[in-house]
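Visitor: Attaching a single structure in structure tokens format; questions to follow.
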Amino acid sequence: MSIRDRPVTPPPPRAPVKTAPPTLQPTPRGAGDIGNFPDRPSAAKAARTDALAAVAAVQDGRPVPDSVWKHLKANADDPDYTEKLYERLGPAATADLLKAAEGDKARLEAVQESVGVASHHMAMDVKWLRAFLAEADRAGVRPVAVQVLTGAPLSEQARAAVAKLDLHEPEATTVA
């Protein structure tokens, strides 16, 4: 009997190789030992206070208080703070915040970073982004809004949503 005449038996099935689940890349800051707040409720309270102060100032035709800008700069990379801030502001007041920045580079960079961090922790989908851009257009700051979105460290979901909007990235990807 030659080798060709022997029946071929397939090798026994192998158990699937177990791989570790993908490790999530958390944002580097947050409440507790790694952030400016002792716990999540404190971060949420500060964000709520800042959002209400910003909205009230814009509605009254006053500048956004310096304390809000100071908190935003200090906590732009804090997911607990930024998530609650942008949940409270929503798309319309976020556009108002861009207008209130009045082209100040440091303020716009704080908004850009904080929007990116918040996108990892809340839904910034096509609907939210369209509303944000429409409000930014009404406020006369759509180019700045596009620049913020295209330069922000957005989540994969938010980046996919931005891609669906077919935005044309401004010449510079950093706010100025």
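Position 57 of the sequence shown, counted from 1, bears residue number 57 in UniProt numbering, the numbering being contiguous throughout.
Ideal Cβ placement from N, Cα and C applies to all residues, glycine included.
Bear in mind that the values here come from a model prediction, so they are computed numbers and not experimental data.
1) Rounded to whole angstroms, what's the CA-CA distance from residue 151 to residue 112? Just pull it up for me.
2) Excluding the 5 residues preceding and the 5 following residue 142 in the sequence, name in chain order all residues of the same chain whose CB lies nearer than 8 Å to its CB.
3) Along the chain, which unbroken stretches of the alpha helix (DSSP H) at least 4 residues long are found entirely within the region 59-140?
4) Express the C-alpha separation of residue 13 and residue 95 in angstroms, rounding to a whole number.
5) For residue 108 and residue 64, which I take to be in contact (beta-carbon distance under 8 Å), what is that distance rounded to the nearest angstrom?
6) Should residue 106 be labelled buried (16 or more other beta-carbon atoms within 10 Å of its own) or exposed?
7) Could you spell out where the alpha helix (DSSP H) holding residue 152 opens and where it closes?
8) Have a look at 70, 98, 155 and flag the residue whose alpha-carbon is nearest the alpha-carbon of residue 138.
9) Measure the C-alpha to C-alpha separation of residue 41 and residue 90 and round it to an integer number of angstroms.
10) Restricting to Cα atoms, I'd like to know which of 59, 93, 121, 37 is closest to residue 71.
11) Hey, is residue 140's beta-carbon within less than 7 Å of any beta-carbon in chain C?
12) Around the C-beta of residue 102, are 16 or more other C-beta atoms found within 10 angstroms, so that it is buried, or is it exposed?
Guide: The relevant details are as follows:
1) 7 Å
2) 133, 136
3) Those alpha helix (DSSP H) runs which fall completely within the region 59-140 and span 4+ residues are 66-75, 79-100, 105-119, 126-139.
4) 58 Å
5) Not a contact, Cβ separation roughly 13 Å.
6) exposed
7) That residue, residue 152, is in no alpha helix (DSSP H); it is neither H nor E in DSSP.
8) 98
9) Straight-line Cα distance between these residues: approximately 19 Å.
10) Residue 37 is the option with its Cα nearest to residue 71.
11) In the displayed structure, chain C is absent; only one protein chain is listed.
12) exposed
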